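Asker: Supplied in C-alpha cells, the structure appears directly below.
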Amino acid sequence: MIRIASILLCFLSFCVSACRHTQPIDTFDPREPADQMTQEEIFQSVQKPRTLTAAELQPSVEPYRIGVGDWLEIEITGIAGTRSRTFVMPDGRLYYDLAGGIQADGLTVQELGHALEQALRRDYTSPSVNVTLREVRSRRAWLLGRLNKPGLYPLSQPTTVLEGISLAGGLFSSRQSGSTEELADLGNSFVLRNGEVLPIDLMALIKEGDMSQNIYLKDGDYVYLPSSLSQNVHVLGAVMQPQAIGYKDNLNLVAAMAKAMGPSRDANLDKVLIIRGSHSAPKVAVVDFKAILAGKATNVELKPFDIVWVPDRPFKILERYFWVAFNSAATTIAVREGSNSVETIDGVSPGISFPIGQ
1 MIRIASILLC FLSFCVSACR HTQPIDTFDP REPADQMTQE EIFQSVQKPR TLTAAELQPS
61 VEPYRIGVGD WLEIEITGIA GTRSRTFVMP DGRLYYDLAG GIQADGLTVQ ELGHALEQAL
121 RRDYTSPSVN VTLREVRSRR AWLLGRLNKP GLYPLSQPTT VLEGISLAGG LFSSRQSGST
181 EELADLGNSF VLRNGEVLPI DLMALIKEGD MSQNIYLKDG DYVYLPSSLS QNVHVLGAVM
241 QPQAIGYKDN LNLVAAMAKA MGPSRDANLD KVLIIRGSHS APKVAVVDFK AILAGKATNV
301 ELKPFDIVWV PDRPFKILER YFWVAFNSAA TTIAVREGSN SVETIDGVSP GISFPIGQ
C-alpha cells in the first residue's frame, strides 16, 4: 500500500507541474514600435487661460496707420499735373514730387499730408496736400485650410472672422454631396495671433451662429480650418524629426515616437504631454516615456488629432506649461500646413512666420 501511495503522489505532482508550464505567459517588449499593449491614460481637463474681451469683438476706433506696401494717391490742391500714385517703400519712406523721402510708416493719412506740406514749402507757396489711401497691403490676414480660395487677404477695413472666411470664398464643399462638414474640421480649427491661440469656438460660430465668437481680425492673424479627412497625429517638441503622422488603427506612443526618429538629446522624457481635444475643451495626459521604455509602464494608445509634445526642460506647473506647449504646437502646425497651401502672390511665395510663445 505504501508503494502504491508513493506512485500516485508522484503522478499527481507531475500533472500539477505540467499544468503550470502549459499556461500562457503575457509578455511584451516596450521597445518594439508594433507593441499593442496599451493602457487608458487619465486625461485631465485644462482651464482656458482667458476668455474673449469686449475689445476683441469690436472694430478698432483708432485711425488707420499707413504701412509698408500701401498705395496712396497724392495731389497738391489747385496745381495741375501734381496728382500721382505711389506706395510706401520697404524702408518705410514715401517719395513724392520734390519732397524727397518722407517717413510714412506709422502715420495716419492726415499726418502724412501735413508732413508732405512741410517738405514742399521749400518749392511751393503754402501747399495744401490731399492724400488718399487707395490700396492696403500692410495689414493682411492668413485664411487657409479647407476654404474655396485660401490665401493672404488685405484688411482694408474692419473685418470679422466670418467676413474673412467669406473673402476666401467660404468653406470648401464637396462637389458630390455639397457638404462642408466632411471637409472642414471646425472642432480643431483655430485662430492664431502673435503665437497665441485665441479662445474662439469656430464650431459654435459657424454651425450655431454664436456671434459672441466673431472677433475682428488683426494684421498677421492666422485662421486655419484643417481637413476632417486628414486625422493626423502630430509629434512635436524635442524630437529628431517633428512631423504629422497619418493615423492608423492602434497607433501608439512608442510607434509615433519611432516615426519621429526618437527624442532629441535635450528631451525631458519623464513628462511627455499628450494633448487631446480642441481649444474650447482641451485635455492633457502626462506620460512617463522613460518608464514605458524600461518596461515599468505599458504603452499608450493614441487617437486622431492628438498632439504629442516632448518638453525640452522640466516643468512644475502643468496648467502654465500646457498653454505654452499648446500654442507652440499650433504655431508649428500652422506654419507647416500654411506653407503648403498658399499660392504664390505676384509670382513670389510670401512665406509664413509666427513668433512662438515663450
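Position 337 (the sequence shown) corresponds to 337 in full-length UniProt numbering; numbering is contiguous.
Cβ atoms here follow ideal geometry from the backbone N, Cα and C, with glycine treated the same way.
Here the structure is a predicted model, which is why all the values come from computation and not from measurement.
Using a Cβ-Cβ cut-off of 8 Å (strictly less than) and excluding sequence neighbours within five positions of residue 360, which residues of its own chain qualify?
Answerer: Residue 360 cannot be examined here, being either before or after the span of the chain that is shown, 1 to 358.
Asker: Return the chain-ordered ranges of every beta strand (DSSP E) run that is complete within the stretch 71-148 and spans a minimum of 3 residues.
Answerer: The stretch 71-148 contains these whole beta strand (DSSP E) runs: 71-76, 84-87, 93-95, 101-103, 129-135, 140-145.
Asker: Which partner residues does residue 233 have in the DSSP bridge list?
Answerer: Its beta-bridge partners are 245.
Asker: Rounded to the nearest angstrom, what separates residue 233 and residue 162 at their Cα positions?
Answerer: Near 28 Å, if we compare the C-alpha coordinates of residue 162 and residue 233.
Asker: Relative to the alpha-carbon of residue 55, which residue among 216, 257, 194 has its alpha-carbon at the smallest distance?
Answerer: The shortest C-alpha separation from residue 55 is found at 216.
Asker: Taking the runs of the alpha helix (DSSP H) that are 4 residues or longer, which of them lie wholly in the UniProt domain "SLBB" (231-310)?
Answerer: DSSP runs (the alpha helix (DSSP H)) wholly in the UniProt domain "SLBB" (231-310): 253-259, 289-293.
Asker: Between residue 219 and residue 279, what straight-line distance do the alpha-carbon atoms span, to the nearest angstrom?
Answerer: Each residue's alpha carbon lies about 22 Å from the other.
Asker: Alpha carbon to alpha carbon, how far is residue 193 from residue 326?
Answerer: Roughly 13 Å separates the two Cα atoms.
Asker: How about residue 186 and residue 225: do their beta carbons lie closer than 8 Å?
Answerer: Closer than 8 Å, so yes.
Asker: For residue 183, which option in 196, 282, 146, 214 has the closest C-alpha, if you only look at C-alpha atoms?
Answerer: For the residues 196, 282, 146, 214, the minimum Cα distance to residue 183 belongs to 146.
Asker: Where does the unbroken beta strand (DSSP E) through residue 152 begin, and where does it stop?
Answerer: Counting along the chain, the beta strand (DSSP E) containing residue 152 begins and ends at 151-154.
Asker: Excluding five sequence neighbours on each side, which residues of the same chain lie with their C-beta closer than 6 Å to the C-beta of residue 77?
Answerer: Excluding positions up to five away in sequence, the list reads 128, 130.
Asker: Using DSSP's beta-bridge definition, name the partner residues of residue 157.
Answerer: Beta-bridge pairing links residue 157 to no other residue.
Asker: So what does DSSP say about residue 168, is it helix, strand or coil?
Answerer: In this structure, residue 168 counts as coil in the three-state DSSP scheme.
Asker: Pick helix, strand or coil for residue 62, following the three-state DSSP scheme.
Answerer: Three-state DSSP puts residue 62 in coil, outside helix and strand.
Asker: One question on the structure: do residue 268 and residue 313 come within less than 8 Å of each other, judged by their Cβ atoms?
Answerer: A contact, by the Cβ cut-off of 8 Å.
Asker: So, at 7 Å on beta carbons, what are the nonlocal neighbours of residue 332 in its own chain, with the 5 sequence-adjacent residues on each side left out?
Answerer: Contacts found: 236, 242.
Asker: Tell me, to the nearest whole angstrom, how far the beta carbon of residue 266 is from that of residue 288; I am working on the premise that it is less than 8 Å.
Answerer: Actually they are not in contact, since the Cβ atoms of residue 266 and residue 288 sit about 18 Å apart, beyond 8 Å.
Asker: Buried or exposed: which applies to residue 91, given that a residue is buried once 16 or more other Cβ atoms fall within 10 Å of its Cβ?
Answerer: Exposed, because fewer than 16 other Cβ atoms sit within 10 Å of the Cβ of residue 91.
Asker: Starting from residue 205, trace the alpha helix (DSSP H) in both directions and tell me its first and last residue.
Answerer: Looking at the DSSP string, the run of the alpha helix (DSSP H) that includes residue 205 is 202-208.
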